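Worksheet: the structure to be examined is printed underneath.
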Amino acid sequence: MKHLTDQRCSKCIDSEFQRCPKVTECLAKRPLAECHEDEACVEKREAVIRKIRYGDGILLRLTACSYVSDVAIGNIVNAIFMELRRRELSHVTLGITGGLGNFGDAPFLSVSSPDAPTIVYANVTEEMVPRIIKEHIEQKKVVEEWVLGQFSDDTKKLIDSVPVIQYLDFFHAQNLRILRRCGLIDPDNLDEFFLEDGFLALSKALNRMTPDEIVNLVGVSALRARGGTGNYIIKKWMRMTSDDAPVDGAKAAAERRRKYLICNAHEGYAASLKDRTLLESDPFALIEGMLITAYAVRATDGIIYINPAYDLAIQRLQRALDLARENNYLGAEILGTNFSFDIEIRRAPSGFLVGEETSIVSFLEGDVGTRPVPPYLEQVGLWGKPTLIHHVETFLNIPLLTLHDFSWFTATGMTDNPGTICLTMTGAIPRPGIIEVPVGTQIREILSEIGGGDLSAIKAAHLGGPTGGYLAPEQFETPLEHDALQQLGLQVGAGTLEVLDQSVCLINRVRQHLQFVLTELCGQCTAGREGIYQLSSIFQAICEGRDVPGCR
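What follows is the structure, encoded as structure tokens:
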């Protein structure tokens, strides 16, 4: 037996011909008490888990993600293999993870063993590898000057001289829900996903909840979309499910019931790495979120519409889709139920505008350009069928809400806007990275406590990408919350928080963004077509020192 999904004993009724409804819960805890007691079964499971977590004895994990160059990763991997072979350390296994979030300290190399907490080294280079292997693995002595920290583990005694990662300045003010698996699990390993509560929410939804119950849960939770303007997602869901009346005839009913579910993973703003990191580090989580959403709104076909430059994310997503399909978490009659759903990956074209929802539908139909709304896509979308589109982070909130229920989910964030929100924080800040904070956290707290910024040296903060806006220092008390931001004419938008110091010319920066937006205009409305052109011309004139007509 090599995987958690392998059958352990003859008492287990789950098979490819008849799925046990409790198989997902059983994978991480097998055997369940209500099924049977079998010490041999327990021992086999523990042996598999030990192999997953420690390989053949000691497991090295190297960060491989978009914010670390392929050349650097290749050099480190070669150095590790050469050093292990030279020292004949056959009990040491090398694995891969996604990013931890604090990309200023990447790449990372962690060392995990059964008798000590996992130690993580930061800013690793190929030159550091021989010493780490010699001192840490052979001599069991931590190379403290290169250490980022250790992960807290209730089953192991912490090392007094090594900081705990969860308490580091970058992490201690965060609330990791969406990002909780990132950098900790192998994104290509379904077993590791199972050990971190993977697909438990889906199992609960299919076995103990009706689609309407999930829709109602999303409604009462006041969950908002994590992209764009942050609208309540129940509005889209209700439009998607508003016309589910029966239709006579099997063929007509099948065609009538066809509905599309699309994940917008386009993320067309170069400064945003949030969705890319989530897809590279935890691809199974997106699949689970899309599955539960599809079950709730009765969607039949799924599409991940992804930035064409996200090669690593696409590779890991495709691997995750294949594994999910092999184990009946995608496809026909999922986990022995009458729910069927599958997902395909479609590369988006380049550009910013093609991430707009109606543009997505146009492209998938072989067309270009935006479409007027209404009619809403949830009523008339792809190929004229109801179509629901959410961003990556929105989908990843659905399993959390489903598994932990209303009270847990709404305990973080604000009463009418619960949960957490993820951002890419960059610019003139000591600790940039992908972060996750409760909705309502003040911008000042994010910049100073997480980013480590000197507020007196910050000129402004730019939120939301090219179509976003600026916060002056006196506005840093503003909570990161959709309604509060809208009162200032801002929105979360692309999910970026860019910190600007005194050297930045804001006029020139606005001019650059206006020129960018000008090249991406759909051209369908006068206000946009002519207004952006005039604004761009005015800012260009100001930057060139020319007179602006009508301005004194």
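Under the numbering used here, the first residue of the sequence shown is numbered 682, with each subsequent residue one higher. Note that CB positions come from ideal geometry on N, CA and C, so glycine has one too. Computed from a predicted model, the values in this text were never measured in an experiment.
Pick from the options that is closest to residue i, judged by C-alpha positions
i	options	result
R861	Q999, V978, I1115 and A1141	I1115
V1118	A1109, S747, P1111 and I1131	I1131
P702	T1018, N1098 and L1181	T1018
I973	D924, D1003, I1024 and S833	I1024
L741	A760, H853, D1097 and G1150	A760
L1195	Q1205, V1185, L1104 and I1219	I1219
T686	D872, T1093 and Q1205	D872
E948	Y1057, D695 and Y986	Y986
T744	L765, G785, V723 and M763	G785
F852	G1170, P1113 and R731	P1113
S1184	I1139, L876, S1031 and G776	I1139
G1121	G1133, L1166, P1154 and V723	L1166
G776	C722, E764, S793 and G782	S793
A946	S884, E1037 and Y913	E1037
S1043	P1056, P1055 and W1064	W1064
R767	K815, R734, S747 and L781	K815
K837	A854, P795, E807 and S691	P795
Inter-residue Cα distance where the pair is residue i and residue j
i	j	result
Q999	F1157	41 Å
A903	I813	48 Å
L1152	H717	60 Å
L770	A797	18 Å
E1014	N804	46 Å
D929	D751	Unreliable placement is indicated for D929, whose pLDDT of 48 sits below 50; the coordinate value is still reported in the next sentence. Looking at the two C-alpha atoms, the distance is approximately 56 Å.
Y848	T799	15 Å
C693	C707	10 Å
I1188	E1201	20 Å
P844	S833	10 Å
S791	D850	19 Å
I757	M809	9 Å
N1008	V801	32 Å
D695	Q688	8 Å
L1199	T1068	29 Å
D869	R1210	45 Å
D1003	D963	15 Å
A931	N1098	Because A931 sits at a pLDDT of 49, beneath the cut-off of 50, its placement in the model cannot be relied upon, and the following sentence gives the value as read from the coordinates. Using only the alpha carbons, I get a separation of about 42 Å.
G1150	E825	42 Å
N783	V1035	29 Å
F875	A1208	51 Å
G755	D867	17 Å
Q1221	C1186	13 Å
Distance CB(residue i)-CB(residue j) smaller than 7 Å
i	j	result
R1192	C1224	yes
P1080	E969	yes
T774	L881	no
C944	T1051	no
L942	A966	no
Q1172	T910	yes
T1124	T1159	A small correction: the amino acid at residue 1124 is Ile; Thr does not occupy that position in the sequence shown. The answer is yes: Cβ separation under 7 Å.
K955	C1103	yes
M1106	L1178	yes
A1109	V1061	no
A886	I895	yes
L1082	F1090	yes
G879	G779	no
T891	V978	no
R858	T1075	no
L772	D737	In the sequence as displayed, the identity of residue 772 is His instead of Leu. Yes, Cβ-Cβ distance for H772 and D737 is below 7 Å.
A1175	S1031	no
P989	A951	no
P811	E877	no
A714	V749	no
P1259	G1133	The structure shown does not extend to residue 1259, since the chain is modelled only from 682 to 1233, so the question has no answer here.
Presumed contact (8 Å Cβ cut-off) between residue i and residue j, rounded CB distance
i	j	result
I1026	I1070	At roughly 15 Å, the Cβ-Cβ gap does not stay under 8 Å, so I1026 and I1070 are not in contact.
V828	F1087	Between F1087 and V828 the Cβ distance is about 40 Å, and since that is not below 8 Å, they are no contact.
L1016	S884	7 Å
Q831	I846	7 Å
R939	D893	In fact, because the Cβ distance is near 20 Å, the residues do not count as touching under 8 Å.
I984	L1045	7 Å
N856	T1093	6 Å
L1144	S747	That belief does not hold up - the Cβ atoms of L1144 and S747 are roughly 22 Å apart, past 8 Å.
heavy atom of the ligand HEM below 6 Å from residue i C-beta
i	result
D1086	Ligands in the displayed structure: none, and consequently the ligand HEM is not present.
- What are the start and end residues of each continuous alpha helix (DSSP H) run of 4 or more residues lying completely inside the stretch 889 to 922, in chain order? Fully enclosed alpha helix (DSSP H) runs of 4 or longer: 892 to 902 and 914 to 922.
- Task: Identify every run of the beta strand (DSSP E) within the stretch 1001 to 1086, keeping only runs that are complete inside it and at least 3 residues long; order them along the chain.
- Result: At a cut-off of 3 residues, the continuous stretches assigned as beta strand (DSSP E) that sit fully inside the stretch 1001 to 1086 are 1023 to 1028 and 1068 to 1072.
- Message: List, from N- to C-terminal side, the beta strand (DSSP E) runs of 3 residues or more that fit wholly inside the stretch 950 to 997.
- Response: As far as the stretch 950 to 997 is concerned, its whole beta strand (DSSP E) runs of at least 3 residues are 982 to 987.
- Only counting runs of 3 or more residues, tell me where the beta strand (DSSP E) segments fall wholly within the stretch 799 to 845, in order along the chain. As summarised for the stretch 799 to 845, the continuous beta strand (DSSP E) elements at least 3 residues long and confined to that stretch are 828 to 831, given in chain order.
- Scan the stretch 1114 to 1150 and note each continuous beta strand (DSSP E) run of 3 residues or more that stays entirely inside, going in chain order. Positions of the beta strand (DSSP E) runs, each at least 3 residues long and wholly inside the stretch 1114 to 1150, are given as 1114 to 1119 and 1139 to 1144 in order along the chain.
- Query: Where in the stretch 1088 to 1116 do unbroken runs of the beta strand (DSSP E), each at least 3 residues long, occur, reported from the N-terminal end onward?
  - Reply: Counting only runs of 3 or more, we get 1101 to 1108.
- Length-filtered (4 minimum) alpha helix (DSSP H) runs lying within the stretch 699 to 765: Segments of the alpha helix (DSSP H) lying fully in the stretch 699 to 765: 704 to 710 and 720 to 735.
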